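Trainee:
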Amino acid sequence: MSKKPVKAVIVGAGHRSFVYASYALKNPEALEIVGIAEPNDQRREQMGDYFRIPHHLRFKTAEELAEQPRFADAVINGTMDRQHVPTSLPLLAAGYHILLEKPFAVNEEEMWQLVEVARKHRRIVMICHVLRYAPFYARIKSLVAAGEIGEILNIQLTEHVSYHHMAVAFIRGKWANRERCGSPMLMAKCCHDLDLMAWMKSGIAPVKVSSFGQLTYFRPEKAPAGAGERCLVDCPIESECLYSARKHYLDHPKRWRFYVWDGLENNEEATLEEKAAFLKDSPYGRCVWKCDNDVVDHQSVTVEFADGSTGTLNMVGGTARPSRSIHLLGTNGEIEGLLHKSSFVIRHIDTRPGKEYTETEIDVNIKGDMFGAAGGHAGGDLRLVDDFCRVLRGEEPSISCTSLEDSIAGHLIGFRADSAMRNNKVELLPALSGGR
Numbered sequence: 002m003s004k005k006p007v008k009a010v011i012v013g014a015g016h017r018s019f020v021y022a023s024y025a026l027k028n029p030e031a032l033e034i035v036g037i038a039e040p041n042d043q044r045r046e047q048m049g050d051y052f053r054i055p056h057h058l059r060f061k062t063a064e065e066l067a068e069q070p071r072f073a074d075a076v077i078n079g080t081m082d083r084q085h086v087p088t089s090l091p092l093l094a095a096g097y098h099i100l101l102e103k104p105f106a107v108n109e110e111e112m113w114q115l116v117e118v119a120r121k122h123r124r125i126v127m128i129c130h131v132l133r134y135a136p137f138y139a140r141i142k143s144l145v146a147a148g149e150i151g152e153i154l155n156i157q158l159t160e161h162v163s164y165h166h167m168a169v170a171f172i173r174g175k176w177a178n179r180e181r182c183g184s185p186m187l188m189a190k191c192c193h194d195l196d197l198m199a200w201m202k203s204g205i206a207p208v209k210v211s212s213f214g215q216l217t218y219f220r221p222e223k224a225p226a227g228a229g230e231r232c233l234v235d236c237p238i239e240s241e242c243l244y245s246a247r248k249h250y251l252d253h254p255k256r257w258r259f260y261v262w263d264g265l266e267n268n269e270e271a272t273l274e275e276k277a278a279f280l281k282d283s284p285y286g287r288c289v290w291k292c293d294n295d296v297v298d299h300q301s302v303t304v305e306f307a308d309g310s311t312g313t314l315n316m317v318g319g320t321a322r323p324s325r326s327i328h329l330l331g332t333n334g335e336i337e338g339l340l341h342k343s344s345f346v347i348r349h350i351d352t353r354p355g356k357e358y359t360e361t362e363i364d365v366n367i368k369g370d371m372f373g374a375a376g377g378h379a380g381g382d383l384r385l386v387d388d389f390c391r392v393l394r395g396e397e398p399s400i401s402c403t404s405l406e407d408s409i410a411g412h413l414i415g416f417r418a419d420s421a422m423r424n425n426k427v428e429l430l431p432a433l434s435g436g437r
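Residue 2 is where the sequence shown starts when you use this note's numbering, and the numbers rise one by one after that.
1) Just to check my reading of the structure: L187 and D419 have Cβ atoms closer than 8 Å, yes? What is that Cβ distance to the nearest angstrom?
2) Which of helix, strand or coil does DSSP assign to Q84?
3) With Y358 as the anchor, note down where its beta strand (DSSP E) starts and where it stops.
4) Quick test of the definition: if touching needs 3 or more C-beta pairs under 8 Å, does the region 76-89 touch the region 102-119?
5) Once DSSP output is grouped into helix, strand and coil, what is the label at Y156?
6) So, W257 versus V169, is the Cβ gap smaller than 7 Å?
7) Measure the C-alpha to C-alpha separation of V7 and V386 and round it to an integer number of angstroms.
8) Unbroken beta strand (DSSP E) runs of length 3 or more, entirely within the region 15-88: which are they?
9) Looking only at its own chain, which residues have a Cβ that is under 7 Å from the Cβ of M422, when we skip the five neighbours before and after it?
10) Could you tell me whether the Cβ atoms of M1 and V145 are closer together than 7 Å?
11) Pick helix, strand or coil for S212, following the three-state DSSP scheme.
12) Measuring alpha carbon to alpha carbon, tell me which residue in L158, P136, T80 is nearest E314.
13) Should M38 and A63 be called a contact, given that it needs their Cβ atoms to be closer than 7 Å?
14) Whose C-beta lies closer than 7 Å to the C-beta of R179 among residues of the same chain, with five residues either side of it excluded?
15) May I have the straight-line CA-CA distance separating H98 from H412, to the nearest angstrom?
16) In whole angstroms, what is the alpha-carbon distance linking E275 and R247?
17) Taking all protein chains shown into account, decide if F306 is buried (16 or more other Cβ within 10 angstroms of its Cβ) or exposed.
18) Label P136 either buried or exposed according to how many other C-beta atoms from any shown protein chain fall within 10 Å of its C-beta, with 16 as the threshold for buried.
19) Got a sec, what are the start and stop residues for the beta strand (DSSP E) S326 sits in?
20) Per DSSP, which one or two residues make a beta bridge with L144?
21) When the Cβ atoms of the region 382-400 are set against those of the region 24-41, are three or more pairs found closer than 8 Å?
22) Have a look at I34 and C402 and give me their C-alpha separation to the nearest angstrom.
23) Any contact of the region 335-344 with the region 235-254, i.e. 3+ C-beta pairs under 8 Å?
24) With DSSP collapsed to three states, give me the class of R348.
25) Are the region 260-267 and the region 216-229 touching, with three or more C-beta to C-beta distances below 8 Å?
26) Under 7 Å, do L273 and L233 count as touching if we go by C-beta distance?
27) Cutting at 6 Å between CB atoms, please list the residues of its own chain near L430, excluding the five before and the five after it.
28) From G369 to A106, what distance separates their C-alpha atoms?
29) Taking Cβ to Cβ, would you say A9 is nearer than 7 Å to A73?
30) Does any heavy atom of the ligand PLP sit closer than 6 Å to the C-beta of I37?
31) Could you spell out the range, first to last residue, of the beta strand (DSSP E) harbouring G338?
32) With DSSP collapsed to three states, give me the class of L101.
33) Please list, in chain order, all residues of the same chain as G175 whose beta carbon is under 8 Å from its beta carbon, the five residues on each side excluded.
34) So the candidates are P225, G318, R348, T320; which of them puts its Cα closest to the Cα of L329?
35) Using CA atoms only, rank isn't needed, just tell me which of K103, R123, S18, A119 is closest to G415.
36) With a threshold of 16 other CB atoms inside 10 Å of the CB of D298, please say whether the residue is buried or exposed.
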């Protein structure tokens, strides 16, 4: 069991890589960032300077990194969806363990290719399903594993994607078009939730899936009368619009700064006037009804497991409040909660006279802790990195461990649900015992 810090290289200098790598700043005894690979010169140099990475260990591509003698234990791969597998394969062959952003593949063929290469080279790959590490979900999982509600009969999950998140990521942003991104909305945004569903049923495989969904609202024909092409250029109704780029990004300049201001030189020091000028030509300044987005804005998924139990996920984009909910109904009770409240209730049948059920509230709100509920993904982001470092040091993984092998089921649900929706049919899932 090693006591030395894990040495890691950043691949893809985006927001998610930055979040995970930032664990090293407060925990230098556990993680050290020693290199970076990023094709964009500005991002590579900015992040390289931030983490004080020597210039000779700053590379343009993952392939260039893989050609060097291995100088680190692991890679933090935060590239875009379509790049996850192509960048990971040469790094696995070069001997690196990988912390890989989700979705870890954009189709089943890629998924199995990654699994086979990781097995061949005996490398650890952990997937960034960070919600498993949020105290809210980790506590629920521990209760399920302990038999608190008996056998799960039904899982009900919802994800409400807020209006400003939907606009910045899935209408104007990087994940708006499945051809460019490589992933449908379900995988880009909800593979977290599908992973949670499969995790709660660990050991019991999903066998069937159906799904329905559409891009209903954010379409040209739904644009308000008189709407222009760009909010700050030719739109006479911009001041009244809920999706005004001015309201979303100038009135809230820090909310999505890693996405919106990427490409604006010296964006941390830029004035509002400079940002407004930048938005006039930026993808983030487009009318939300007149973009090239083609991913769904709502989708429902139904899953059947091998034991006959079922699960549902309902995703809706453009809501007033961002929210995730969970309701597990078992043979001996139920668990229900809202992630943003950091608490849930456990209910059991109560047959005593005058009673119907008992209800106990569990509060997992741990604000003040850097891993706490106020942190990224309800405290899951840095807990994931902490567990990754523990596993690489040879220590016991947590109950939330997101190993590649344990993440296959959730991705399979997603791939087959997308196919079910597009082809209007029930999809059967392949058997998972023993691998492919």
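Ideal placement from N, C-alpha and C gives every residue a C-beta, glycine not left out. Keep in mind the model is a prediction, meaning the values are calculated, not measured.
Mentor: Answer, in terms of the structure:
1) The count along the sequence shown starts at 1 and reaches residue 187 at position 186. The count along the sequence shown starts at 1 and reaches residue 419 at position 418. Going by Cβ atoms, the distance from L187 to D419 rounds to 6 Å, so yes, they are a contact pair.
2) Counting from 1 along the sequence shown, the entry for residue 84 is found at position 83. DSSP, read as helix, strand or coil, puts Q84 in helix.
3) The sequence position of residue 358 within the sequence shown is 357, counting from 1. 358-364 is the extent of the beta strand (DSSP E) around Y358.
4) yes
5) Translated into the one-based positions of the sequence shown, residue 156 becomes position 155. It is worth fixing the name first, because residue 156 is Ile in this sequence and not Tyr. In the structure shown, I156 sits in a strand (DSSP, three-state: E or B).
6) The count along the sequence shown starts at 1 and reaches residue 257 at position 256. The count along the sequence shown starts at 1 and reaches residue 169 at position 168. At the C-beta level, W257 and V169 come within 7 Å of one another.
7) Counting from one through the sequence shown, the residue named residue 7 turns up at place 6. Counting from one through the sequence shown, the residue named residue 386 turns up at place 385. In this model, V7 and V386 are separated by some 11 Å (Cα to Cα).
8) Runs of the beta strand (DSSP E) lying entirely within the region 15-88, each at least 3 residues long, are 32-38, 75-78 in chain order.
9) Here residue 422 refers to the residue found at position 421 when the sequence shown is read from its first residue. Closer than 7 Å at Cβ, skipping near neighbours: S212, F213, G214, Q300.
10) Since the displayed the chain opens at 2 and closes at 437, residue 1 lies outside it and no answer follows.
11) Indexing the sequence shown from 1 puts residue 212 at position 211. In the structure shown, S212 sits in a strand (DSSP, three-state: E or B).
12) On the sequence shown, position 313 is the one that residue 314 refers to. In the sequence as displayed, the identity of residue 314 is Leu instead of Glu. The candidate whose alpha carbon is nearest that of L314 is L158.
13) Translated into the one-based positions of the sequence shown, residue 38 becomes position 37. Translated into the one-based positions of the sequence shown, residue 63 becomes position 62. One detail in the question is off: residue 38 reads as Ala in this sequence, not Met. The answer is yes: Cβ separation under 7 Å.
14) To locate residue 179, count along the sequence shown from 1; it is residue 178. Taken in chain order, the residues that qualify are P185, D295, V296.
15) Taking the first residue of the sequence shown as position 1, residue 98 is located at position 97. Taking the first residue of the sequence shown as position 1, residue 412 is located at position 411. If you take the alpha carbons of H98 and H412, they lie about 20 Å apart.
16) As a first step, residue 275 is located in the sequence shown; it is residue number 274 there, counting from the start. As a first step, residue 247 is located in the sequence shown; it is residue number 246 there, counting from the start. So the two alpha carbons sit approximately 13 Å from each other.
17) Here residue 306 refers to the residue found at position 305 of the sequence shown. Answer is buried; the Cβ neighbour count reaches 16.
18) Here the question's residue 136 lines up with position 135 in the sequence shown. Flag for P136 reads buried.
19) As a working mapping, residue 326 is identified with position 325 in the sequence shown. Counting along the chain, the unbroken beta strand (DSSP E) around S326 starts and ends at 324-331.
20) For the purposes of this step, residue 144 is identified with residue 143 of the sequence shown, where counting begins at 1. The partner list for L144 (beta bridge, DSSP) is empty, contrary to what the question assumes.
21) yes
22) Counted from its first residue, the sequence shown places residue 34 at position 33. Counted from its first residue, the sequence shown places residue 402 at position 401. A direct Cα-Cα distance of roughly 22 Å separates I34 from C402.
23) no
24) Residue numbering aside, residue 348 sits at position 347 when the sequence shown is read from its first letter. Note: R348 maps to strand in three-state DSSP.
25) No, because fewer than three Cβ pairs between the region 260-267 and the region 216-229 fall closer than 8 Å, the two stretches do not touch.
26) Here residue 273 refers to the residue found at position 272 of the sequence shown. Here residue 233 refers to the residue found at position 232 of the sequence shown. No; because the gap between Cβ atoms is not below 7 Å, this pair is not in contact.
27) Within the sequence shown, the letter at position 429 stands for residue 430. Contacts found: P207, V208, L413, R417.
28) Working through the sequence shown from its first residue, we reach residue 369 at position 368. Working through the sequence shown from its first residue, we reach residue 106 at position 105. Note on G369: pLDDT 45, under 50, position unreliable in the model; no value is reported.
29) Taking the sequence shown and counting its residues from 1, one reaches residue 9 at position 8. Taking the sequence shown and counting its residues from 1, one reaches residue 73 at position 72. Yes. Within cutoff.
30) In the structure on display, the ligand PLP does not appear, and there are no ligands present to speak of.
31) Start at 1 with the first residue of the sequence shown, and residue 338 comes out as number 337. Its beta strand (DSSP E) spans residues 334-339.
32) In the sequence shown, counting from the first residue as 1, residue 101 sits at position 100. Residue state, collapsed to three classes: strand.
33) Here residue 175 is taken as the residue at index 174 of the sequence shown, counted from 1. It should be noted that the sequence gives Lys, not Gly, for residue 175. For K175, where only same-chain residues beyond five positions count, the Cβ hits under 8 Å are M81, R181, C182, Y260.
34) As a first step, residue 329 must be located in the sequence shown, where it is residue number 328. Checked all of P225, G318, R348, T320; the closest Cα to L329 is R348.
35) Taking the sequence shown and counting its residues from 1, the one referred to as residue 415 is at position 414. Out of K103, R123, S18, A119, K103 has the C-alpha closest to the C-alpha of G415.
36) Looking up residue 298 in the sequence shown gives position 297. By the 10 Å Cβ count, D298 comes out buried.
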